[in-house]
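Using our numbering, the letters of the sequence shown correspond one by one to residues 28 to 388. By construction, the Cβ of each residue, glycine as well, lies at the ideal position given by its N, Cα and C atoms.
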Amino acid sequence: MALVRLPALIDCHVHLRDPGFPHKETFLSGTQAALAGGITTVLDMPNTQPPVTRPEILAEKARRATEQAVCHVGLFYGAAQDGSTPDVSAARLACGLKIYVNETFTTLRISELPALVRHFAAWPGPGPIAVHAEGIALAACLALAGYYEQRLHVCHVARQADIGLIRRAKARGAAVTCEVTPHHLWLTEEDAARLGPLGQMRPALGTANDRAALWENLDVIDCFATDHAPHSLEEKRSDNPPPGVPGLETMLPLLLTAVHEGRLTLSQVVERLHFNPARIFRVPTDAETFVEVDSEARRTIEAATLFTRCGWTPFAGMTTRGVVRRVVLEGRLVFADGQVLARPGSGRVLFTDALSLRKEV
Ligand SMILES: [Zn+2]
28 MALVRLPALI
38 DCHVHLRDPG
48 FPHKETFLSG
58 TQAALAGGIT
68 TVLDMPNTQP
78 PVTRPEILAE
88 KARRATEQAV
98 CHVGLFYGAA
108 QDGSTPDVSA
118 ARLACGLKIY
128 VNETFTTLRI
138 SELPALVRHF
148 AAWPGPGPIA
158 VHAEGIALAA
168 CLALAGYYEQ
178 RLHVCHVARQ
188 ADIGLIRRAK
198 ARGAAVTCEV
208 TPHHLWLTEE
218 DAARLGPLGQ
228 MRPALGTAND
238 RAALWENLDV
248 IDCFATDHAP
258 HSLEEKRSDN
268 PPPGVPGLET
278 MLPLLLTAVH
288 EGRLTLSQVV
298 ERLHFNPARI
308 FRVPTDAETF
318 VEVDSEARRT
328 IEAATLFTRC
338 GWTPFAGMTT
348 RGVVRRVVLE
358 GRLVFADGQV
368 LARPGSGRVL
378 FTDALSLRKE
388 V
């Protein structure tokens, strides 16, 4: 056994589907999946039902997370279609603002340029503006972030052209950061053909050249993030399957496998799952929160052992090197050898102290 201790690990892009879609995931099942995957903080996206476009909706979502979560959770605002923006004190309750510029599984899409400009002009921070923006939309967001002096975080970069654009912007001093998902680092359009609807997500899987470009430009990629986006098998097998795949329980084993193969170093993993997301999204970390992995152990990914409610994974059948053994959250053992030990509600909802949601523990 080769036990390695990693610090608090942050997944800065998840969809825990709560409230609105409990058959896909809940704060409880999603945060259990996070601990099983060695993740101690998740940042949750706003395309739940109702969408998180106003402070009172964020407060209600925070209350639900406070009751259920077993790891720490931060919440994003979604950009409202009418261009309205939370004020400074309300904006502080969130880890950032999410803008959907390209089409995906949401009713939050901003497709008119004036509304997009209004959000870049008015978002008060302190969190960054996170965007789903590909191609021309990405170029527009980079320009607007510059004009309005906003920090921009580009979600799930998946294309050679897009990572090239981000490299140019960073070289010119732009305040831009970005993330990449394991599915775009491991899978291509050939896998999409093999997997059918289980390989459909946004951005769609790219070519072998796109995948190679992500690995070659790892130095400009700040974070690894899952874009954990579960849907039920029934929905995925329907005539109109929604885009999205789960990822919380497979990201760290895949990354540790890349470390084993010499394609990544452990410090590159820790930078992109700990230091960088903590800095970008102001996530507090502490020395009493850590993850122990057995870096030599082999395991084959199986849908049956997952905590995510959706019960499937596009990585089923892959053998990984590196198994999460124990997770300690603020000094408490919360996961050990396949068992979640934390009680529902024992995780914290970040940034929301002003809402006075704290419960008896
Ligand atoms: Zn997403």
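- A Cβ-Cβ contact shorter than 9 Å links F308 with G154.
- Looking at the backbone, the Cα of R290 and that of D246 are separated by about 13 Å.
- Per DSSP, T93 is one residue of the alpha helix (DSSP H) stretching across P82 to Q95.
- A direct Cα-to-Cα measurement between V207 and H159 gives close to 12 Å.
- Beyond the five residues adjoining it in sequence on each side, D189 comes within less than 8 Å, by CB distance, of E161, G162, L165 and V181 in the same chain, given in chain order.
- Take V297, set aside five residues on each side of it, and the residues of its chain with a beta-carbon closer than 7 Å to its own are L33 and P34, in chain order.
- By the criterion of a C-beta distance shorter than 6 Å, V31 is surrounded in its chain by V320 and S322, once the five residues flanking it on both sides are discounted.
- Of the heavy atoms belonging to ligand 1, none sits nearer than 8 Å to the Cβ of D218.
- A distance criterion of 8 Å places the beta-carbon of M278 beyond contact range of ligand 1, judged by its closest non-hydrogen atom.
- Selection C122, A172 and G271 evaluated against R229 yields G271 as nearest (Cα-Cα).
- Assignment of K51 by DSSP, reduced to helix, strand and coil, places it in the coil class.
- Taken from the Cβ of H180, every heavy atom of ligand 1 lies 8 Å or farther away.
- Along the stretch 256–314, the alpha helix (DSSP H) occurs as fully enclosed runs of 4 or more residues at 260–263, 278–287, 293–297 and 303–307, listed in sequence order.
- Residue environment for E276: buried (at least 16 other C-beta atoms within 10 angstroms of its C-beta).
- With a contact defined as Cβ atoms closer than 8 Å, T67 and T316 qualify at about 5 Å.
- In the displayed model, H42 falls within coil according to three-state DSSP, outside both helix and strand.
- A Cβ-Cβ contact shorter than 9 Å links C337 with E52.
- Of the candidates R186, P209 and L169, L169 places its Cα closest to the Cα of G200.
- As the crow flies, the alpha-carbon of E217 is around 18 Å from that of W242.
- Annotation for A121: L85, L102, F103, Y104, G154 and F378 place their beta carbon closer than 7 Å to its own, counting only its chain and skipping 5 residues before and after.
- Distances from the CA of A235 to each of G191, H211 and L225 were compared; the closest alpha carbon is that of H211.
- With a threshold of 8 Å, the Cβ atom of H183 counts as near ligand 1, since some heavy atom of the ligand is closer than that.
- Counted as a single uninterrupted DSSP element, the beta strand (DSSP E) harbouring C205 occupies residues V203 to V207.
- Judged by their CB atoms, A106 and A142 are nearer to each other than the 9 Å cut-off.
- In the three-state reduction of the DSSP assignment, L36 falls in the coil class, being assigned neither a helical nor a strand state.
- A Cβ-Cβ separation of about 6 Å places F362 in contact with A63 under the 8 Å criterion.
- DSSP places D321 inside the beta strand (DSSP E), whose first and last residues are F317 to T327.
- The set of residues with a C-beta under 6 Å from any non-hydrogen atom of ligand 1 comprises H40, H42, M72, D254 and A256, given in chain order.
- W213 places its beta carbon 9 Å or farther from that of K263.
- In this structure, the CA atom of L384 is about 14 Å from the CA atom of P82.
- Contact check for H99 against L124 fails: the beta carbons are separated by 9 Å or more.
- For M28, the closest of G349, V367 and G365 by C-alpha to C-alpha distance is G349.
- Annotated three-state conformation of G226 is helix, per DSSP.
- In the DSSP assignment, V144 falls within the alpha helix (DSSP H) that extends over L140 to A149.
- Taking the Cα of E357 as reference, the smallest distance to any Cα among V367, A343, V351 and G374 is reached at G374.
- Rounded to the nearest whole angstrom, the CA to CA distance from A118 to P304 is 18 Å.
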